[in-house]
Every structure is written in structure tokens, then in C-alpha cells.
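Numbering (the UniProt record's numbering), first residue to last: 1 to 281.
This is how it looks when you write it as C-alpha cells:
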């Protein structure tokens with residue numbers, strides 16, 4: 001059977017690739033060192049497959065039809081989407097998909113009462129372009145994207161995100177292959193693109209959220225990580241942290257709910273709290 005070897009949550013803010021030079025040198029070095037540490041861990045784990053969970057930024061779905069989760073079942077993916085190329089500053093890339101695992105995520109989740117949409121074609125923006133470039137610079141893994149709704153009400157609850165993660169872990173651990181799998185969730189931390197808090201980072205909020213994941217207390221997460229609470233970290237962006245709860249749910253299913261906070265840098269010039277949490281399995 002396949003094996004889920006780690007889960008993680010990490011920021012995908014475009015500032016780290018598009019305008020990192022505007023940040024003070026110490027912030028640049030700390031953020032890049034954080035991503036480098038995640039890359040080191042991936043090189044050590046040598047995963048065959050990465051399942052990604054991140055928000056869609058309304059790139060693939062219209063506001064009147066946004067699924068909670070949409071699983072990509074294509075054989076190949078590429079990015080960044082044309083509109084994002086100039087300001088994202090990430091070279092064009094291609095990465096192999098994993099149709100069989102993607103289909104299993106859709107089929108077996110439905111059997112468990114969790115219904116996902118699916119698509120053979122999806123556009124990628126900073127949600128995948130930033131973390132893939134840093135963590136898997138050779139693009140030498142197979143990739144299953146799961147685009148989720150963190151923007152248009154009603155959003156999935158913290159409880160639902162934890163259960164989606166748990167179901168992903170069950171499916172991976174019963175998938176008939178010997179592949180090593182990493183669950184990579186991306187988004188956040190505090191930011192508000194184009195909003196009132198566009199040039200604000202809520203450090204207290206960010207540290208609260210990362211410390212909440214460190215507790216490993218699922219009941220506390222269900223109670224405290226409401227969407228209304230997440231909005232206090234930025235009305236237009238901090239809701240992306242729902243994706244990190246999917247990573248926590250998967251890790252908890254395998255008995256490892258407590259996260260390790262790998263790095264955190266509050267960076268106003270990058271217009272985002274930059275950081276990452278990790279669950280070693």
C-alpha cells in the first residue's frame with residue numbers, strides 16, 4: 001500500500017517570488033531559509049507523489065459555482081496561468097499528474113459521504129507555483145491538485161476540513177501502490193489582498209494559529225478556528241488557512257496531530273505573514 005509520509009501547511013504568497021527584494025535583508029534571508037528547510041525535508045523524504053490542497057482564487061470557478069473541493073485528475077499540469085506570469089515571476093513549468101490517485105480521492109471520499117468535484121484541466125496561480133518552485137524545483141514528483149473554496153460563502157467548516165484530511169489519509173494508506181505521498185497544503189498566513197489590511201500583517205493572529213496547530217487538539221481547533229475568527233487575520237486572505245486544517249486532519253488520522261512550526265516571518269513588504277507548519281509521519 002502507499003504511505004503518507006508527511007503533511008505540511010505553508011504560505012504561497014506571491015511576494016516571495018515577485019517582489020521579495022523590497023523586504024529588508026533579514027526578512028528575505030529568514031523566509032528563504034524557511035522554504036529551504038522544507039525543500040531539505042522533501043529531499044530527505046523523497047516522495048513519489050504530492051497531493052496539494054489550496055484555494056482557487058476564483059481562477060477556475062465563477063462566484064456562483066464554487067465547489068468545496070475539486071480534485072484534479074489530469075495526467076499533466078502546467079503553470080503559471082498566463083495572467084499571473086509577469087508579476088508572479090516564476091518560470092513556466094510542467095509536472096506529471098496522477099490520474100489513478102486523483103480518481104481514488106473522488107470515488108472513495110464519496111463512499112464515505114464526502115463529495116468532491118473533479119476536473120481534468122485546472123489553471124495554476126501562486127497557490128501551486130510558489131511552493132512547487134521552492135520545495136520541488138525539479139518538478140520530479142507526480143502531483144494531484146485539490147482546489148478548495150476559502151472565499152465564497154458558505155465555506156467548508158474547520159470540522160469538515162479536518163475530516164477531508166482524515167479521509168485523504170485513509171485513501172492514501174489503502175491505495176494499491178508502494179508510493180510515498182506528501183500532503184502539501186498552502187495559503188495564508190495573515191494577509192488581505194487589495195483590502196483594508198493590504199499593508200498590514202497580524203502577527204498575533206498568525207502566532208495564535210500556528211500555536212493552535214502545535215497543540216494537536218482537534219476539539220479546540222473545531223471550536224476556535226471558525227471562519228469568522230480567520231477573517232480577523234485578513235478579510236480577503238486568511239481564510240486560506242482552512243487548507244492547513246486538512247493537513248492536520250490527515251496527520252491526526254495517523255496519530256500525529258501536533259504540528260511543528262518550522263518558520264514564521266511577519267513581512268509587510270511581502271504583504272503576508274510568511275510561515276510553515278509540518279507534521280512528520
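Ideal placement from N, C-alpha and C gives every residue a C-beta, glycine not left out.
Asked: Under a Cβ-count criterion, where at least 16 other Cβ atoms within 10 Å of its own Cβ denotes burial, should residue 38 be classed as buried or exposed?; Found: buried
Asked: Looking at the strands, I want to know which residues DSSP matches up with residue 264.; Found: 275
Asked: Using CA coordinates, which residue listed in 98, 132, 133 is at the minimum distance from residue 118?; Found: 98
Asked: Tell me, please, which residues DSSP counts as bridged to residue 184.; Found: 8, 52
Asked: Where does residue 19 sit, in a helix, a strand or coil, going by DSSP?; Found: coil
Asked: Could you check whether residue 201 and residue 6 sit closer than 7 Å to each other, using their CB atoms as the reference points?; Found: no
Asked: How is the alpha helix (DSSP H) around residue 144 delimited, first residue to last?; Found: Note, residue 144: premise wrong, no alpha helix (DSSP H); beta strand (DSSP E) at 142 to 148.
Asked: May I ask you to list the residues that DSSP assigns as paired with residue 77?; Found: 95
Asked: Pick from 172, 213, 191: whose alpha carbon is nearest that of residue 203?; Found: 191
Asked: May I ask which residues mark the beginning and end of the alpha helix (DSSP H) holding residue 158?; Found: 158 to 173
Asked: Find out if the Cβ-Cβ distance for the pair residue 109, residue 167 is shorter than 7 Å.; Found: yes
Asked: Spatial neighbours of residue 22 within its chain, please: C-beta separation below 7 Å, excluding the five flanking residues on both sides.; Found: 269
Asked: Can you tell me the Cα-Cα spacing of residue 208 and residue 138, whole angstroms?; Found: 34 Å
Asked: Taking all protein chains shown into account, decide if residue 142 is buried (16 or more other Cβ within 10 angstroms of its Cβ) or exposed.; Found: buried
Asked: Return the Cβ separation of residue 101 and residue 49 in integer angstroms, given the expectation that the two are a contact with Cβ distance under 8 Å.; Found: 6 Å
Asked: Do you know whose CA, among 105, 278, 65, 237, lies nearest residue 189's CA?; Found: 237
Asked: Compute the beta-carbon to beta-carbon distance between residue 210 and residue 264, rounded to the nearest angstrom, for a pair I have assumed lies under 8 Å.; Found: 6 Å
Asked: In the structure shown, what three-state DSSP assignment does residue 117 receive?; Found: strand
Asked: Short check: CB of residue 11 to CB of residue 195, under 7 Å?; Found: no
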